[in-house]
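Sequential numbering from 1 applies to the sequence shown in the UniProt record's numbering. I have placed the structure first, in the form of structure tokens, so that the comments after it can refer back to it.
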Amino acid sequence: MSDNIDIINDDPTADFLARERAALGEDADFFENDMSPMETPVLPSPSVFDATIVSNADLDGTPFDSPSFTTPKESMDVAEPHHAVVPEEEPETVKQWMANLKELIDKRDKAAEETKKATIEQAHQDIDKFYEDYNDKKQKAIEANRRREEEAMKKRDSIQASANVWQRVVEECGTPTGDTERMKEIMQSLKKDTNPPGSIVQES
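Structure (structure tokens):
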């Protein structure tokens, strides 16, 4: 009895199974199987594994080759290197055409700039000349009006001093050359008369 207790105490798993069996009674027989409680599956030894590989060899005696895997680094090394696309050089005719076009544009721009400067300069000169002519004409007109005014004043004074009234009329009406109207002829004759009718001013 003491020997059985020592065995149970030494193996906790066996102790647990014994107590379970005692609790189940006759039903414990249904849970029994051929495998021991802590049976560990047996792994094949290296010699067995080698024998399996040999048995799976090809019929011609060539052993089975395991598939080879390429690492990412090896794939990058094997890949064809990427070359940058270099633009082709323009033909000489295209270069010459571009140079001629640039030269033509520069000439046109230069000519347009010179024309613009000449137009602005001519405009300034025309404006200055306009004001110069305007002031000159204005001054001449003022002087001419002053002379005409002075002459008119002298003529008026001379007419008023005349004793013949018809002389005043003729002077006021005017006697242009080639005028053959009858009234003008009558006034001319009255002007020449020393004692015309209607004279108001008498010499003292």
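Glycine is no exception: its CB is placed at the ideal position from the N, C-alpha and C atoms.
Helix, strand or coil at residue i [DSSP, three-state]
i: Met187; result: helix
i: Asn164; result: coil
i: Glu181; result: coil
i: Asp157; result: helix
i: Pro196; result: coil
i: Leu59; result: Because the pLDDT at Leu59 is just 45, under 50, the model does not fix this residue reliably, and the value given afterwards should be weighed accordingly. In this structure, Leu59 counts as coil in the three-state DSSP scheme.
Limits of the alpha helix (DSSP H) - the one that residue i falls within
i: Glu88; result: That residue, Glu88, is in no alpha helix (DSSP H); it is neither H nor E in DSSP.
i: Glu20; result: Pro12 to Leu24
Cβ-Cβ separation, residue j to residue i (assumed contact under 8 Å), whole Å
i: Pro196; j: Asn164; result: 6 Å
i: Val169; j: Met183; result: In fact, because the Cβ distance is near 10 Å, the residues do not count as touching under 8 Å.
i: residue 251; j: Glu143; result: Within the shown structure, residues of the chain are numbered from 1 to 204, placing residue 251 beyond reach of any answer.
i: Asn166; j: Lys138; result: With the sequence shown as reference, residue 166 is identified as Trp, and Asn is not the correct amino acid for it. Not quite, the Cβ-Cβ distance comes to about 40 Å (not below 8 Å), so this is no contact.
Mind listing, in chain order, the continuous alpha helix (DSSP H) runs of no fewer than 4 residues lying wholly within the region 94-146?
-> none
Can at least three beta-carbon pairs, one atom from the region 143-159 and one from the region 124-131, be found at a separation below 8 Å?
-> no
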